[in-house]
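Before any comments, here is the structure.
Numbering (our numbering), first residue to last: 56 to 472.
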């Protein structure tokens, strides 16, 4: 079976499993098994992919990051600081649109996988008093959590793309700076505007709030500022150490600051953590990496490249391959790491190396469209889980605005080429 049809079938099976409520992790693992069989792997080879996926450095690091993120979120919520900080911010922001998007956009500056679970409780609290359905809250949290991802230099995908293109990260930022503005505009047009039209949104009364309420945002400042400074310091002082460990340290430090400021009891924090179902989220993470490993072992990307014309259609490949890998993996590092070496290699081998910056932009926009429209994006899954929304039912509302990034990428490609 051609790789394109294989992926379409596996994608349909995955969505069907989610719709039948078989469980997110179960559906993803089942889809990985079907993909393995259709790509000619034996069941023993599929079993062999499990430890390779689960024990990979990236998977272990992601599991640790999600655990510390949820731990900090639990402490921050149990201490009451989250509610007090939100009340302080609400007293100073009159626009309901700005209020509900402020926290996911703020947390989006922190490049942590699964970070949407961090901002979800804040969106829920900010939406109190607004006529916002759980579906609308899910869309707002998911979308605005990612508005910076195309150009923010701390995201690993941007760093890897710059490395593969042999370009400074600042050059990639200079090429991709319209991305965040496009993301915000699309979020307003496709998500905020319809949500406001369906409900009654009045401007909030701006009330004077004590400065102590704003000081309850100190743990957030430690988390975000610590991650930014920590990643920069890690890159400078420990270049062989994954920069994500700086995020882990920042989260732990933020939790300590939260405990010191509030003197919260660990019992309350543990009760809050139990509500977050950490083990369930880690199971989803594990399933995503199993799928990614099968994708690699089945040589799906190479098969897609061969079917779509190889080096004679590099621009077409820069749309299709990143989008396909992004949509079936939900991970930026996956589409960048799996397709950019192939794209840049084809560009060099066909004498089009001058087009690499244009291909990089097109590939990033297309891949980003794929991960945002992916039912396996970890942030999408944890957001739907938090707001108790059916991922399969919500997906059509996120697909169309996500696809809008592809024509933006094509315009960028034509301008640069």
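The beta carbon of each residue, even a glycine, is placed where N, CA and C say it ideally should be.
Whole-angstrom distance between residue j and residue i, CA atom to CA atom
i: residue 294; j: residue 56; result: 43 Å
i: residue 383; j: residue 317; result: 42 Å
i: residue 453; j: residue 314; result: 37 Å
i: residue 252; j: residue 451; result: 19 Å
i: residue 218; j: residue 472; result: 21 Å
i: residue 163; j: residue 278; result: 12 Å
i: residue 428; j: residue 161; result: 22 Å
i: residue 440; j: residue 405; result: 46 Å
i: residue 95; j: residue 107; result: 19 Å
i: residue 128; j: residue 220; result: 36 Å
i: residue 362; j: residue 236; result: 35 Å
i: residue 282; j: residue 97; result: 42 Å
i: residue 228; j: residue 153; result: 25 Å
i: residue 272; j: residue 80; result: 34 Å
i: residue 90; j: residue 158; result: 38 Å
i: residue 465; j: residue 233; result: 13 Å
i: residue 357; j: residue 204; result: 26 Å
i: residue 446; j: residue 189; result: 12 Å
i: residue 144; j: residue 86; result: 43 Å
i: residue 348; j: residue 105; result: 8 Å
i: residue 69; j: residue 211; result: 27 Å
i: residue 386; j: residue 92; result: 23 Å
i: residue 461; j: residue 468; result: 10 Å
i: residue 397; j: residue 341; result: 26 Å
i: residue 291; j: residue 284; result: 11 Å
i: residue 78; j: residue 337; result: 13 Å
i: residue 102; j: residue 142; result: 50 Å
i: residue 244; j: residue 250; result: 10 Å
i: residue 151; j: residue 174; result: 16 Å
i: residue 305; j: residue 130; result: 14 Å
i: residue 207; j: residue 213; result: 7 Å
i: residue 76; j: residue 344; result: 21 Å
i: residue 418; j: residue 435; result: 21 Å
i: residue 517; j: residue 456; result: Because residue 517 is not part of the residues shown, which for the chain are 56 to 472, the question remains open.
Whole-number beta carbon distance between residue j and residue i, since they are thought to touch under 8 Å
i: residue 140; j: residue 335; result: Not quite, the Cβ-Cβ distance comes to about 27 Å (not below 8 Å), so this is no contact.
i: residue 202; j: residue 242; result: 7 Å
i: residue 246; j: residue 195; result: 6 Å
i: residue 137; j: residue 442; result: 17 Å between Cβ atoms; not a contact.
i: residue 426; j: residue 381; result: 4 Å
i: residue 431; j: residue 172; result: That pair is no contact at about 16 Å.
i: residue 116; j: residue 286; result: About 13 Å; that fails the 8 Å criterion.
i: residue 312; j: residue 120; result: The Cβ separation is near 18 Å, so there is no contact.
i: residue 216; j: residue 395; result: 6 Å
i: residue 379; j: residue 60; result: Residue 379 to residue 60, Cβ: 12 Å. No contact.
i: residue 176; j: residue 132; result: 6 Å
Helix, strand or coil at residue i according to DSSP, with G and I counted as helix
i: residue 376; result: helix
i: residue 150; result: coil
i: residue 446; result: helix
i: residue 405; result: coil
i: residue 293; result: coil
i: residue 100; result: helix
i: residue 195; result: helix
i: residue 134; result: coil
i: residue 189; result: helix
i: residue 245; result: helix
i: residue 386; result: coil
i: residue 421; result: helix
i: residue 180; result: helix
i: residue 210; result: coil
i: residue 80; result: helix
i: residue 170; result: coil
i: residue 111; result: coil
i: residue 431; result: coil
i: residue 204; result: coil
i: residue 228; result: helix
i: residue 222; result: coil
i: residue 308; result: helix
i: residue 410; result: helix
i: residue 459; result: coil
i: residue 361; result: helix
i: residue 92; result: helix
i: residue 472; result: coil
* Are the region 385-396 and the region 412-428 touching by the rule of at least three beta carbon pairs closer than 8 Å? -> yes
* Asked: Between the region 369-382 and the region 398-414, are three or more C-beta pairs nearer than 8 Å?
  -> yes
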